[in-house]
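Going from the sequence shown to my numbering is simple: count from 1 and add 1161.
Built from N, CA and C at the ideal position, the CB exists for glycine as well.
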Amino acid sequence: MSNLTLDAWVVIGILGVMFVVAAWVMVTKAVMVGRDDKANHGFLERFRGATHDLLLLDQAAAAHAQSPLFRLYQAGVRELAKRQVGVAGAPPLSGASLDAVKAAVDADLVRESHRLNAQMVLLTIAISGGPFLGLLGTVVGVMITFAAIAAAGDVNVNAIAPGIAAALLATVAGLGVAIPALFGYNYLAARIKNISADMQIFVDEFITRVAELYGAR
């Protein structure tokens, strides 16, 4: 460490900031997807157990506030309320109305997907940029070491080794940022993909249930 040049310290400092940001993203996203997944299971169990009270599940909004599926459900209920679905004497939903409701819920699905994937790009930056920044620090450190040796005219292993070893620390730091970020990204991407698939399935299931209960015969 004592042989690190100023440029290597700058690179390692940048990598340290990247590591802190990547760790923060991994922790916060892991907590979020775990919370959302648990809330989804709770709401989905209640939704599938509902019969003629299908449009009244938002009466316990606080219990499912963290569930993306519940927010999609609320978007669908809002669209149905505009069409007075469930009100006595209201006409049944036509195919065009069902398509309009599905389009509105799909729009909320896209917004939920954006929320789930928010800040994931910071992990991809750490994965792809960390090793290159570390390599940059190593190359510049090696260049400075060789330039100093050439200027001093002293060529021996004892003169070269400390500078080269110090320069290689930048590469180690880059890999130290990229490897945990890679594992964290793959884990989170898989969890987010599962939640996104659950949301897509839920939208189809919700529209089918609404069509059965309130659609034109």
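Would you say the beta carbon of residue i comes nearer than 8 Å to a heavy atom of the ligand ZN?
i: M1179; result: With respect to small molecules bound, the structure shown includes none, and the ligand ZN cannot be examined in it.
Residues in its own chain within less than 7 Å of residue i by CB, not counting five upstream and five downstream?
i: V1178; result: none
i: I1353; result: V1194, L1277, N1278
i: D1267; result: V1364
i: I1325; result: V1303, T1306
Assuming residue i contacts residue j (C-beta within less than 8 Å), just tell me the rounded distance between them.
i: L1343; j: I1288; result: 5 Å
i: I1368; j: K1263; result: 5 Å
i: A1327; j: L1167; result: No, A1327 and L1167 are not in contact; Cβ-Cβ is about 12 Å, not under 8 Å.
DSSP beta-bridge partners for residue i?
i: G1376; result: L1254
If you compare alpha carbons, which of the options is closest to residue i?
i: A1222; options: G1203, E1273, S1258, K1243; result: G1203
i: E1373; options: H1213, K1354, S1163; result: H1213
i: A1194; options: T1166, L1230, A1169; result: Note on identity: in this sequence residue 1194 is Val, with Ala being the wrong assignment. Closest option to V1194, Cα to Cα, is L1230.
i: Y1375; options: P1341, F1208, T1166, L1215; result: L1215
i: W1170; options: E1366, A1331, Q1361; result: A1331
i: A1265; options: Y1234, N1201, W1185; result: Y1234
i: W1185; options: M1281, G1298, Q1245; result: M1281
i: L1270; options: R1232, A1249, V1248; result: R1232
Roughly how many angstroms lie between the CA atoms of residue i and residue j, to the nearest whole one?
i: A1339; j: A1242; result: 49 Å
i: V1333; j: F1363; result: 45 Å
i: R1196; j: E1206; result: 16 Å
i: L1218; j: D1260; result: 22 Å
i: G1149; j: A1191; result: In the structure as shown, the chain starts at 1162 and stops at 1378, and residue 1149 therefore has no counterpart that could be examined.
i: L1176; j: G1237; result: 45 Å
i: N1201; j: N1347; result: 21 Å
i: D1359; j: Q1227; result: 15 Å
i: I1314; j: T1299; result: The residue asked about is misnamed: residue 1314 is Gly in this sequence, not Ile. Near 22 Å, if we compare the C-alpha coordinates of T1299 and G1314.
i: R1370; j: L1297; result: 58 Å
i: V1188; j: K1199; result: 17 Å
i: A1309; j: P1323; result: 12 Å
i: E1366; j: M1162; result: 60 Å
i: A1350; j: H1225; result: 23 Å
i: A1211; j: A1251; result: 21 Å
Below 8 Å CB to CB, which residues in the same chain sit around residue i once its five sequence neighbours on both sides are set aside?
i: V1182; result: L1283, A1287
i: L1336; result: G1291, P1292, G1295
i: Q1361; result: L1270
Closer than 6 Å by C-beta to residue i: which residues in its own chain qualify, once you throw out the five before and the five after it? Chain order, please.
i: S1274; result: S1357
i: E1240; result: V1262, A1265
i: V1246; result: Y1375
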